[in-house]
Amino acid sequence: MSDIQIGVRQAARLVYKALHTTLSPVNDQEYRQLLAQYRANPAFAAQVQDVATGMELIILDVSERGLIIVPASRESRFAIRMTDIRTGLDAAQKASLLLAHVAIAAVFFPTTDGLDDDNYTPPPALVSTCRDTLHALARRLRESSNPPADIPPELAPGWESVSAMPLVLPAGQRASVNSLVGIVKLALGHMQTHGLVRLDREADDDASVTYTATHRLRVQLREIALRRLFDIAQEAARMPATTTET
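Residue numbers for the sequence shown follow the numbering used here, so the first one is 5 and each next one is one higher.
(1) Relative to the C-alpha of Asp208, which candidate in Asp117, Pro114, Val131, Lys21 has its C-alpha closest?
(2) From Glu60, Thr57, Ala15, Arg232, pick the residue whose C-alpha is nearest to that of Asp154; which is it?
(3) Does the region 137-144 touch the region 102-110, meaning 3 or more C-beta pairs lie closer than 8 Å?
(4) If distances are taken between C-alpha atoms only, which option among Ala50, Ser165, Phe113 comes closest to Asp94?
(5) Apart from the five residues just before and just after Ser219, which ones in its own chain have a Cβ nearer than 7 Å to its Cβ?
(6) Using a Cβ-Cβ cutoff of less than 7 Å, which residues in the same chain neighbour Gln158 once the five nearest sequence positions on both sides are dropped?
(7) Verify whether the separation of the beta carbon atoms of Thr197 and Thr25 is less than 9 Å.
(8) CB Arg43 to CB Val74, shorter than 9 Å?
(9) Helix or strand or just coil, what does DSSP make of Ser183?
(10) Sorted by chain position, which residues of the same chain lie with C-beta nearer than 6 Å to Gln97's C-beta, five sequence neighbours on each side aside?
(11) Use the C-beta contact count for Met169: other C-beta atoms within 10 angstroms, 16 or more gives buried, fewer gives exposed.
(12) Would you identify the three-state DSSP class for Asp65, choosing helix, strand or coil?
(13) Would you check if the region 46-54 and the region 10-30 touch, i.e. whether three or more CB-CB distances between them fall below 8 Å?
(14) Assuming Gly118 is part of the alpha helix (DSSP H), what are its boundary residues?
(15) Could you tell me the alpha carbon to alpha carbon distance between Pro151 and Asn45, rounded to whole angstroms?
(16) Answer with buried or exposed for Pro156, where buried requires no fewer than 16 other C-beta atoms within 10 angstroms of its C-beta.
(17) What is the DSSP secondary structure of Thr248, counted as helix, strand or coil?
Here you go:
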């Protein structure tokens with residue numbers, strides 16, 4: 005086998021490793037070696053770029069923490085769709101779920117400084133804090149007489165639905181996609197599956213479970229398209245909680 009063939013195989017192997025979003029180089033010697041080769045050898049890095057491009061993927065970041073790649077477009081085979089998270093969602097539930105993802109991200113990174121500082125480690129976040137931020141974000145959007153032009157109008161059913169939900173579930177009622185905690189749990193579960201957050205601490209009460217953000221979340225947020233929506237979510241995350249109940 006020629007050196008070029010070996011290089012292509014190794015490049016494809018590194019992209020394969022990167023597609024496993026919860027895989028850490030700390031626990032994978034081959035992954036560490038391929039990352040070191042990428043960072044030290046421009047020719048190999050170019051081969052990895054070519055493999056990624058051919059698969060409609062974009063490399064966002066590379067470090068000792070891993071190679072972070074994302075779909076190049078919504079049409080990419082690797083693009084995540086709402087039906088990949090859960091089937092049977094109506095328009096309001098899909099919009100609510102997207103808003104939940106944005107709100108959760110803002111809880112971990114409520115300021116741009118934290119997002120830009122690789123040395124900043126966000127503290128663990130309670131599900132209840134994410135819930136409160138989602139509710140505050142939805143209310144801000146609902147009460148705005150003129151939402152920013154870059155916020156898709158398709159999200160309106162989501163913020164209308166979320167705004168109407170009670171912050172705290174009535175006694176005996178289980179969290180579902182029609183409740184704030186249920187939406188947040190669904191979003192966090194998806195983010196955990198894709199390496200954006202990690203479970204920090206379990207709890208008997210859903211609202212008291214905590215999660216931590218990963219480096220992958222920071223990197224992907226830097227490329228976020230709905231910038232103004234995230235700005236509003238950050239503002240909501242910095243507001244004092246409207247309730248102390250969980």
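Every residue, glycine too, gets a C-beta built ideally from N, C-alpha and C.
In brief:
(1) Val131
(2) Arg232
(3) yes
(4) Ser165
(5) The identity of residue 219 in the sequence shown is His, whereas the question assumes Ser. So the list reads Arg69, once near-sequence residues are dropped.
(6) The sequence shown places Glu at residue 158, not Gln. So the list reads Ala99, once near-sequence residues are dropped.
(7) yes
(8) no
(9) coil
(10) Val181
(11) buried
(12) strand
(13) yes
(14) 116-120
(15) 47 Å
(16) exposed
(17) Here Thr248 scores only 41 on pLDDT, less than 50, and its place in the model should not be relied on; the value that follows carries that caveat. In this structure, Thr248 counts as coil in the three-state DSSP scheme.
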